[in-house]
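Engineer: Structure provided below as structure tokens; questions to follow.
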Amino acid sequence: MAAAAAAAVPPGEGNSLFDQLRRADPTEVEKRQRAINDRIHATFQQSQQRLSHLIDDHSTLPTTVSSVTVVGAPNTRHSFLKGILDPLLTANRDRPYTQAELVREASATASKLSKFDIFHPPISVYIDKADKSDPNTTPTDVAIYYSVKEKSKVFAKTGTDVGNAEGSAYANVQWRNLFGGAESLDVNASLGTRTRSSYQASLDTPVLANPHSRFQVGGVQSTTQKIFASHEEVLRGGWAKFRHLSNSGTSHEFGYNGFWRQVTGLSEKASPTVRNDAGDTFKSSLSHTWTNDKRDNPILPTTGYLARTSNEIAGLGPLAGDVAFFKSELETQQALPIPIPGVKGDSGVSFTTAFRAGLLYPLTLNGASRPSLSRINDRFQLGGPTDVRGFRLSGLGPRDGADAVGGDVYAAGSANLLLPVPKVGADKPLRLQAFVNGGRLLALRSTEKEGALSSDEVAQSMKDTISELGNGLPSMSAGVGLVYAHPAARFELNFSLPLVLRKGEEGRKGLQFGIGINFL
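In terms of my numbering, the sequence shown has 258 at position 221, counting the first letter as 1, and numbering is strictly consecutive.
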């Protein structure tokens, strides 16, 4: 028997490690591997505990920072980095750090550097003893080093966009860290079916080396076909904006806009209202936008809320232009997760409500005796796949013939139930939705009436119009659809059914596709 067993394994074979593993019991191999993994995990846990105890034991020891150095940033200005790093130096503080404070502050500075978007992540932080050759050093001195890698200075992108009854091709070029202080210059050009051409450039820079405070100047020239109102709008002008994000997460944006607008390219069927507003106007306005966004995801939120107000005043001061108004909008959104019995963690089911409202109040231009009525360039439009679904683009509100001429006061709301797609999972950005939404858009007075209103007449008309918003049911629709949350935009394909439709408004029964960032 022994001879037969020996003959079964040829000489020189069966003794290698691979042959032994092939003959090994799989259960025994798995048991040994599990034991090895357990020992590695235990060793790691012990090292983490030792490190934690070491930090705890020395966390209150005084520590001073003698120098801070950034390695790998040849194209970034020294003065810019100095404004970020100087607060770390002990010489600029009223007392030394504790070691725990130093670790925390050094990490916070690394996070601040990453927010300028000019360095590749991650940014490495090293803390070492200070150079003893310096006669001014003390035993508590340390040196901090940040190791970074700068992103390329030029980024270019081309592509196509399709959505909301429009297709376009675009090219974008961005210059990062243009002058060594995290400045960026963006140049964009696009050609499309509705936005026939658009050319835009903007220069953005941080203020006082703060990634949360930025200043931007820019200019644009565009030609857009307004298919809902039988004309094209040519826009030329520029803007200046200051944006600040507070520690609480709220943001403020203050801006000045100066735009020359031209209503042109009227179709043969253009209504009298559109023809009356044809020609040139210049808008000079100041604006402020406040935003408090606590949603877990701005594209597909499952929890949190959004509150935003936007106010614009035009036609005041030495740069008055030839239109004068006060325009204000309010937007809120609330997302609530819905727990499902038997499902641990996030079920992926959520209920979202949203509300928007706005008013456009005519003001008196410098030198004029009466307020001037709003123009089609400035009025609100409502209806379409990104706000009140189940209606055509600008399908709600005042009309003159076939043209949607917009309104001065509006309110709209929606309620959406979002569910994970079966067999796809709650962790994927794909949802089924059921929705009900509605709204109303009203003008201060009939568009056929000519002449300006007095200030008292405008005030009374505004009160009457706001009261009319609550008179009867709003235009409403309901439906179901599919939602996909891409990192750049939200895509919706819905089947909608109009429920309440006023005379002249244009509903849309059936499939409707929408793409955008900010949905109702």
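We treat Cβ as the ideally placed atom computed from N, Cα and C, and that holds for glycine. These numbers come from a predicted model, not from an experiment.
What are the start and end residues of each continuous alpha helix (DSSP H) run of 4 or more residues lying completely inside the stretch 325-392, in chain order?
Structural biologist: None, since the stretch 325-392 contains no complete alpha helix (DSSP H) of that length.
Engineer: Looking at the structure shown, is Lys486 part of a helix, part of a strand, or coil, going by DSSP?
Structural biologist: Bear in mind that a pLDDT of 47 at Lys486, under 50, signals an unreliable position, so the number given afterwards is only what the model happens to contain. Three-state DSSP puts Lys486 in coil, outside helix and strand.
Engineer: Is DSSP giving Ala40 helix, strand or coil here?
Structural biologist: Bear in mind that the predicted position of Ala40 carries a pLDDT of just 40, short of 50, making it unreliable; the figure below should be weighed with that in mind. If DSSP states are grouped into helix, strand and coil, Ala40 belongs with the helices.
Engineer: Since Tyr163 and Tyr182 should fall inside the 8 Å C-beta cutoff, what is the C-beta to C-beta distance between them, to a whole number of angstroms?
Structural biologist: The Cβ separation is near 4 Å, so the contact holds.
Engineer: Once the 5 residues before and after Ser235 are set aside, which same chain residues still bring their CB inside 6 Å of it?
Structural biologist: Excluding positions up to five away in sequence, the list reads Ser227 and Ser259.
Engineer: For Gln237, name the three-state secondary structure that DSSP assigns.
Structural biologist: Of the three classes helix, strand and coil, the one that applies to Gln237 here is strand, per DSSP.
Engineer: State the Cα-Cα distance for the pair His289 and Ser347, rounded to the nearest angstrom.
Structural biologist: Spanning the two alpha carbons is a distance of roughly 10 Å.
Engineer: Quick check: the stretch 422-434 against the stretch 542-552, are there 3 or more CB pairs under 8 Å?
Structural biologist: Yes, the stretch 422-434 is in contact with the stretch 542-552.
Engineer: Of the choices Ala391, Asn129, Leu490 and Phe153, whose alpha-carbon is the least far from that of Arg407?
Structural biologist: Selected option, being the one with the closest Cα: Leu490.
Engineer: Does DSSP put Gly120 in a helix, in a strand, or in coil?
Structural biologist: If DSSP states are grouped into helix, strand and coil, Gly120 belongs with the helices.
Engineer: Need the endpoints of the beta strand (DSSP E) that Ser144 sits in, please.
Structural biologist: Segment Gln136 to Ser151 is the alpha helix (DSSP H) holding Ser144; no beta strand (DSSP E) there.
Engineer: Taking C-alpha atoms, which residue in Asp383, Thr100 and Leu481 lies nearest to Glu138?
Structural biologist: Among Asp383, Thr100 and Leu481, the Cα nearest to that of Glu138 is on Thr100.
Engineer: Less than 9 Å between the beta carbons of Ala522 and Ile336, yes or no?
Structural biologist: The answer is yes: Cβ separation under 9 Å.
Engineer: Report the rounded CA-to-CA distance for Asn209 versus Gly256, giving the unit in angstroms.
Structural biologist: Approximately 15 Å, taken between the alpha carbons.
Engineer: Indicate the three-state DSSP secondary structure (helix, strand or coil) for Asp464 in the structure shown.
Structural biologist: Asp464: coil per DSSP, three-state reduction.
Engineer: Ignore the nearest five residues each way along the sequence and tell me which others in Arg332's own chain have a CB closer than 8 Å to its CB.
Structural biologist: So the qualifying residues of the chain are Pro338, Thr340, Gly341, Tyr342, Leu343, Gln370 and Ala372.
Engineer: Note down, in chain order, each residue of its chain lying with its Cβ closer than 6 Å to the Cβ of His325, except the 5 sequence neighbours on either side.
Structural biologist: Phe291 and Asn348.
Engineer: If you reduce the DSSP assignment to three classes, tell me which class Gln70 lands in.
Structural biologist: In the structure shown, Gln70 sits in a helix (DSSP, three-state: H, G or I).
Engineer: Within 10 angstroms of the Cβ of Gly475, are there 16 or more other Cβ atoms? Answer buried if so, exposed if not.
Structural biologist: Gly475 comes out buried.
Engineer: On the criterion of 16 or more Cβ atoms from any shown chain inside 10 Å, does Asp178 qualify as buried, or is it exposed?
Structural biologist: Buried.
Engineer: Roughly how many angstroms lie between the CA atoms of Ala351 and Ser321, to the nearest whole one?
Structural biologist: Whole-angstrom Cα-Cα distance: 6 Å.
Engineer: Expressed to the nearest angstrom, what Euclidean distance is found between the alpha-carbon atoms of Asp165 and Ser148?
Structural biologist: Looking at the two C-alpha atoms, the distance is approximately 20 Å.
Engineer: Counting Cβ pairs closer than 8 Å, one from the stretch 379-387 and one from the stretch 418-425, do we hit at least three?
Structural biologist: The answer is no - the stretch 418-425 does not touch the stretch 379-387, with fewer than three Cβ pairs under 8 Å.
Engineer: According to DSSP, simplified to helix, strand and coil, what is Glu505?
Structural biologist: Helix, per DSSP.
Engineer: Rounded to the nearest angstrom, how far is the Cβ of Arg426 from that of Ser533, given a contact under 8 Å?
Structural biologist: About 5 Å separates the two Cβ atoms, so the contact holds.
Engineer: Can you name the residues that DSSP bridges to Phe450?
Structural biologist: Looking at the sequence provided, one finds Gly at residue 450 rather than Phe. Paired residue(s): Phe392 and Gly475.
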